[in-house]
Structure formats: structure tokens, C-alpha cells
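Working notes for the structure below.
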Amino acid sequence: MYMDGDVLFLRDMRPLYHSGIDFSYKWSFKSEYNTAVLRLRANGTTSRKIISQAMLNKMNFHPFEIKNYLLANTSVSLDTATTKSIYNSHLFMFSVPLFDPLWLKNDHRQNNNLRPNLRGMDDVWDPNFIPDEFPNISNLNDYSPLDLRKADDFFRGAYAYHWHNNWARELIPTCWMGVINTAYDAFINGTQTNIYGEFIQSF
Numbered sequence: 006m007y008m009d010g011d012v013l014f015l016r017d018m019r020p021l022y023h024s025g026i027d028f029s030y031k032w033s034f035k036s037e038y039n040t041a042v043l044r045l046r047a048n049g050t051t052s053r054k055i056i057s058q059a060m061l062n063k064m065n066f067h068p069f070e071i072k073n074y075l076l077a078n079t080s081v082s083l084d085t086a087t088t089k090s091i092y093n094s095h096l097f098m099f100s101v102p103l104f105d106p107l108w109l110k111n112d113h114r115q116n117n118n119l120r121p122n123l124r125g126m127d128d129v130w131d132p133n134f135i136p137d138e139f140p141n142i143s144n145l146n147d148y149s150p151l152d153l154r155k156a157d158d159f160f161r162g163a164y165a166y167h168w169h170n171n172w173a174r175e176l177i178p179t180c181w182m183g184v185i186n187t188a189y190d191a192f193i194n195g196t197q198t199n200i201y202g203e204f205i206q207s208f
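Residue numbers for the sequence shown follow my numbering, so the first one is 6 and each next one is one higher.
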């Protein structure tokens, strides 16, 4: 399984890894793959097909080429209604929120509330509350960010969070990324359990 360097694990990936399927996920609202998360079985039909087609295309592994490679040497057009089922049978395209829970909101393609209810990718780096971040709490002025921001509550339904190359961002302890970093350090140091209740014992 391949992950881009800017993909943060939020959950145990083993259920997906051992699922027996090759997969990636959707590029925001486009019907293209985002290979920031990519599971290919070694020497499998899908991996061989992608590599062989890329070799014929100057070793171009851009995510937008993957679908073309999977449909190469078939009679299927990219415009047909059955196209999705065919390329999904080779490389399953998971929905965006499983690995990139803010992407659709960031691209103004999602209106429903999230948990946390952030507006876009920049918000995870903000040390202060975002307007309507916790819709069920009427007066956020009575709380500090560390009172409400807990690593366990960061997009509970997602396996990962893709932060899209924000390498130069300052990691402030009260921002969401800072909260997660603090929780991870505490787990590694043996002072706090992870989200599964597991604990590292000192030797």
C-alpha cells in the first residue's frame, strides 16, 4: 500500500489492506483517481496493466492517466455509462471522505455539517475556533480550543486525512493538527492510549 507523504493515518488501515482488492480514491468531485492512497497487489493484473501502459506513455503515472490505462485495449469509451463499473472492477475508487474528508467542502461541493465542522483545508491549522465548528455548542467563548478539540473526534469515519502539501505550516498545539500531534506523542511516550484503547508499556 502506497501513501503520499502528506497523508495522515487516522485509523488502522489493516482492514483495507487485507480486503483483497486494489483501490484508490476519487479526485474531489471529478471521476478520476487520486493515488495519494493506492493499494496494488504485487504482480497483480491491475498493477501490471498500469505499469505496462505507463511505460508506453513515457513513464507517466499521473493519477488522471490511470483510468485510461485500465481501459486500454478494451472497446469501452470513457463516455459510456458502463465505464465506471469496468475500471472499478480493476481498481476500486473509494469515495473522497474516507481519505480526504475536507476536500469536497474545500471545493464547495458539500454543504452538510461535518465533525468537526470545518470549512476547508486551511482550517485544520487554525489555533482558534472556526465559526460554527461545533454547531451544538452555543457559546464557544466559554471554552478554549483544547477543551473541545480531541484527536478521537477528528473525522471519525475517515481512515486518513490528506493535508495537501502544507509543509510550511506552523504546528500550533491548539490547532487540529497540533492536537493530533500531541495525542500521538503521548501514545508513543506511553502516557495515553490510542483511539483503540491500546497502550504502550515502558520497559
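Every residue gets a Cβ at the ideal spot worked out from N, C-alpha and C, and that includes glycine. Every value quoted in this text rests on a predicted model; they were computed, and no experiment measured them.
- Assigned with DSSP and collapsed to three states, residue 187 falls in helix.
- A contact is defined here as three or more CB-CB pairs under 8 Å, and the segment 176 to 184 meets this definition with respect to the segment 148 to 155.
- Contact between the segment 36 to 46 and the segment 112 to 124 is absent: fewer than three C-beta pairs spanning the two stretches fall below 8 Å.
- Taking the Cα positions, residue 16 is about 14 Å away from residue 8.
- Going by beta carbons, residue 91 and residue 71 fall outside the 9 Å limit.
- Closest in alpha carbon position to residue 10, among 128, 165, 24 and 99, is 165.
- Looking at 163, 68, 199 and 172, the one whose alpha-carbon comes closest to that of residue 37 is 68.
- Looking from the CA of residue 95, the closest CA among 101, 128 and 76 belongs to 76.
- Around residue 177, the same chain offers 132 and 183 as residues with beta carbons nearer than 7 Å, after the five sequence neighbours per side are excluded.
- In the DSSP annotation of this structure, the continuous segment of the alpha helix (DSSP H) that includes residue 60 starts and ends at 50 to 60.
- Residue environment: residue 107 is assigned as buried (16 or more neighbouring CB atoms within 10 Å of its CB, all protein chains considered).
- In this structure, residue 93 lies away from residue 74, with their beta-carbon atoms at least 9 Å apart.
- A buried status is given to residue 58, since no fewer than 16 other beta-carbon atoms sit within 10 Å of its beta-carbon.
- As computed with DSSP, residue 166 is found in a beta bridge with 13.
- Contiguous alpha helix (DSSP H) elements confined to the segment 81 to 166 occur at 88 to 95, 108 to 111 and 150 to 153, taking only those with 4 or more residues.
- Annotation for residue 63: no beta strand (DSSP E) segment contains it, and DSSP assigns it neither H nor E.
- In the three-state DSSP reduction, residue 176 falls in the coil class, being neither helix nor strand.
- The beta-carbon distance between residue 126 and residue 111, rounded to whole angstroms, is 5 Å. This is short enough to meet the 8 Å contact definition.
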